[in-house]
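Trainee: Submitted below is the structure of interest, expressed as structure tokens.
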Amino acid sequence: MITDYEAGISAYELAEKYGHNRGTIMKHLAGAGIRSRVAVPTDDEILQLRELRAEGLGYKTIARRVGRNHKTIRKHLTV
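Per our numbering, the sequence shown starts with residue 1226, numbered consecutively.
Here you go:
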């Protein structure tokens, strides 16, 4: 799991691969001393998020579409 994460596989992909939820994966990685990598959305991604929100989509729906956490979406749209 650590090798996969360090190779660039996302925590969501690891969760699916290993049959655990993302939180469990992150706890195991943290326990092994691996720091979480959080990718900040680019300006283009934020523009896309705003467009999707303007279409009336909710944060969770947008998150599923773009492969991000709904809290990240809300954070960048309520600034």
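A virtual CB, placed ideally from N, CA and C, is assigned to each residue, including glycine.
What are the uninterrupted segments assigned as alpha helix (DSSP H) that are 4 or more residues long and contained completely in the stretch 1255-1297, given in chain order?
Mentor: The qualifying runs are 1268-1279, 1284-1291.
Trainee: Would DSSP call M1226 helix, strand or coil?
Mentor: If you number the sequence shown from 1, residue 1226 lands on position 1. Looking at M1226 - three-state DSSP - the assignment turns out to be coil, as it is neither helix nor strand.
Trainee: Taking the beta carbon of L1314 as the centre, do at least 16 other beta carbons fall within 10 Å, making it buried, or is it exposed?
Mentor: Here the chain has residues from 1226 to 1304 only, and residue 1314 is not among them.
Trainee: Just the Cα atoms here: how many angstroms apart are E1241 and I1250?
Mentor: Working through the sequence shown from its first residue, we reach residue 1241 at position 16. Working through the sequence shown from its first residue, we reach residue 1250 at position 25. One C-alpha to the other measures close to 10 Å.
Trainee: Near Y1294, which residues of its chain fall below 7 Å by C-beta distance, leaving aside the five closest residues on each side in sequence?
Mentor: By 1-based counting over the sequence shown, the position of residue 1294 is 69. The question names Tyr, but residue 1294 is Asn in the sequence shown. A1288.
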